[in-house]
C-alpha cells in the first residue's frame, strides 16, 4: 500500500463532507429564503437551490452568478449562502469528531486487508531475505568462518576460567576474578550479537554493538591490571547506577504510567548509594566514578578509561561506531552499508569493518582471560588465536575490496551484473 499516492479513504471522506456541507447549505437556504418574500414560484426556488447545490459541489460560484440572472434572486441566494457557510463553520468541531469516528471505523478494515495481503507477501519477503542471506554467507564465508572459530573458543575459555578459579563460589571474595568472569560472559554475548548483525547485513548496527564490546574489553583491561580494590569499586558502582535509575523512574513514573516502587526497595537503594558515596567519596557518583582514583580526575570520561587501558588509539573507530547509535546528521549520509546512496535495510557492503573489529576485540578478551595464571599451553593458545585473527582480517580485507569493486562495475554497466 502506497500511503503517499493512494488516498482512497481521504477522497471518500472529502466527498462525504462536501455532500454534507452542500446539504446543510441547501437546507439552510430553503428554511430562510421565505423571509425575503421573493416573488417567485416554488418551482423556481427549487431550480435555484439545484443550481446552488451544483455550484457548491464544483466550487464554481461564478457559474452560480451566471445561472441566476435575476439580480434580486442572485443577491438573496449569495447572502444566504454566506450565512449558511458561516453557520456550517460552527459545526466543524463536530465534523472533526465525525472524521475521527470514520477513521476509527475503517481502521479494522485496513488492518484486515493488510493482514490478508501480508499472508502472501510475507512468503515472498522471507524468500528474498533468505536469498540475500545466502549470497552474503557465500561472499563473506572465508572471512567470517575464522571469527566463528574464535567466538566458539571464547565461550570455552570463559567456561574454563570460571571452573578453574572456582569463581562462582558464593563464599569467594576474589572481586577481580568475579568481575573479569562476568565481563567475559557479557563480552561473549555482545560478540554474538555483533556477529549476528554482520551475518544479516547490518554493518552500522554491528559497529554499534562492537562499540559496547570495545567498552567491555577496555574495562576488563583496567580491572585486570589493577588490584582487587579496583574490581571492588567497579562492582560497588552498580549501587550508583541503581540510585540514578531510581531517580529517573520517580521523575517520570506518572507519565510512564508506572506505580511507585515499594518503600522498602527505594529505601534500600538510597541507603546502599549513601554507603558507597560515604566509602569512596563524591567523585564516585559519576558515570565512570569507580575509576576516579585511578584516573586522578573528579569527572571521569570513557576516554580516560581508554587511556588507563592503553587503548586511546581506538578512539577514532569508537567515534565512527557512534554513528550507528546517535542520530547525528553525518550518519544520514555516511554509513558502512552504503555505496553511493543511503540504504534503508540490509546490505552486502561494509561488513569487513565491524568484522575486523570483532576479531580484534575477541582476541583481546581471550588474551585477558588466558593471561591469568599463565602457562605454556595458554601462551600457545593466545598466539594461535592471534594468527587466526590475522587470517580473518586478511580475508575480510580481500572480500571487502572485491565487493566494492563489483559495486563499481555494476554501477558503470548501468546496473547490470
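In my numbering, the protein residues as written are 171 to 587. Here a beta-carbon is modelled for each residue, glycine too, at the ideal position from N, C-alpha and C. Keep in mind the model is a prediction, meaning the values are calculated, not measured.
Within 10 angstroms of the Cβ of residue i, are there 16 or more other Cβ atoms? Answer buried if so, exposed if not.
i	result
residue 493	buried
residue 384	buried
residue 411	exposed
residue 263	exposed
residue 496	exposed
residue 517	buried
residue 525	buried
residue 587	Caution applies to residue 587, whose pLDDT of 46 falls short of 50 and renders its modelled position unreliable; the model cannot decide the point.
residue 220	exposed
residue 281	exposed
residue 578	exposed
residue 402	buried
residue 254	buried
residue 553	exposed
residue 429	exposed
residue 290	exposed
residue 502	exposed
residue 655	Lying outside 171 to 587, the shown extent of the chain, residue 655 is not represented and no answer is given.
residue 133	For residue 133 there is no data in the structure shown, the boundaries of the chain being 171 and 587.
residue 330	exposed
What did DSSP end up calling residue i once you bin it into helix, strand or coil?
i	result
residue 469	coil
residue 351	helix
residue 416	helix
residue 310	helix
residue 586	Below a pLDDT of 50, predicted positions are generally treated as unreliable, and residue 586, at 49, falls in that range; the measurement from the model is reported next regardless. Coil, per DSSP.
residue 519	coil
residue 288	helix
residue 614	With the chain running from 171 to 587 in the structure shown, residue 614 is simply not present.
residue 485	helix
residue 389	helix
residue 580	helix
residue 427	coil
residue 498	coil
residue 525	helix
residue 372	coil
residue 381	helix
residue 513	coil
residue 432	coil
residue 337	coil
residue 533	helix
Please report the Cβ distance between residue i and residue j, rounded to the nearest whole angstrom; I am assuming they are in contact, meaning their Cβ atoms lie under 8 Å.
i	j	result
residue 314	residue 279	That pair is no contact at about 46 Å.
residue 470	residue 461	5 Å
residue 400	residue 464	7 Å
residue 538	residue 377	The pair is not a contact, with the Cβ atoms about 22 Å apart (cut-off 8 Å).
residue 532	residue 320	5 Å
residue 569	residue 312	7 Å
residue 398	residue 346	5 Å
residue 535	residue 548	In fact, because the Cβ distance is near 14 Å, the residues do not count as touching under 8 Å.
Nearest to residue i by CA position, among the options, is which residue?
i	options	result
residue 183	250, 206, 270 and 356	270
residue 479	392, 529, 556 and 502	392
residue 449	409, 574 and 273	409
residue 309	578, 572, 583 and 582	572
residue 513	583, 371 and 491	371
residue 216	523, 196 and 562	196
residue 251	198, 268 and 289	198
residue 457	548, 414 and 466	414
residue 374	488, 557 and 396	488
residue 491	445, 452, 364 and 359	364
residue 335	563, 543, 547 and 575	543
residue 324	398, 296 and 358	358
residue 249	582, 272, 222 and 432	222
residue 209	246, 361 and 185	246
residue 257	225, 307 and 191	191
Between the C-alpha atoms of residue i and residue j, what's the straight-line distance to the nearest angstrom?
i	j	result
residue 545	residue 301	47 Å
residue 304	residue 472	39 Å
residue 580	residue 566	21 Å
residue 351	residue 332	7 Å
residue 326	residue 354	11 Å
residue 459	residue 442	16 Å
residue 193	residue 284	35 Å
residue 419	residue 425	10 Å
residue 559	residue 317	7 Å
residue 530	residue 379	14 Å
residue 405	residue 344	12 Å
residue 274	residue 286	19 Å
residue 447	residue 337	27 Å
residue 574	residue 277	45 Å
residue 189	residue 200	16 Å
residue 407	residue 362	26 Å
residue 202	residue 421	59 Å
residue 211	residue 226	23 Å
Counting only beta-carbon separations shorter than 7 Å, does residue i have a partner in chain D?
i	result
residue 488	No chain D is present in this structure, which holds just one protein chain.
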